[in-house]
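**Q** Have a look at the structure that comes next, please.
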Amino acid sequence: MIISSNVRRITEYFAEAFLELFGPSHDDYPAVGIQPFSGTITQKKRKRSIYT
């Protein structure tokens, strides 16, 4: 009886770990954050040096 309950607990332990690793993710993050840039890039202006 004790051996069968220990085997059952060990099996459940490894089954839960396996399902956690290979099961579907539980990420419920909102769809906000960094968005791709969709604007225009301006030309950089050349800085004037005070020494030239």
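Take 1 as the starting number for the sequence shown in the working numbering and just add one per residue. Glycine is no exception: its CB is placed at the ideal position from the N, C-alpha and C atoms. It should be emphasised that the depicted structure is a prediction, and the values quoted were computed from it without experimental measurement.
Please work out which residues of its chain come closer than 7 Å, Cβ to Cβ, to valine 32, disregarding the five sequence neighbours upstream and downstream, and give them in chain order.
**A** No residues qualify anywhere along the chain.
**Q** In whole angstroms, what is the alpha-carbon distance linking serine 38 and phenylalanine 18?
**A** Their backbone Cα atoms lie some 42 Å apart in a straight line.
**Q** In angstroms with no decimal places, state the Cα-to-Cα distance between glutamine 43 and glycine 23.
**A** Cα-Cα distance, rounded: 49 Å.
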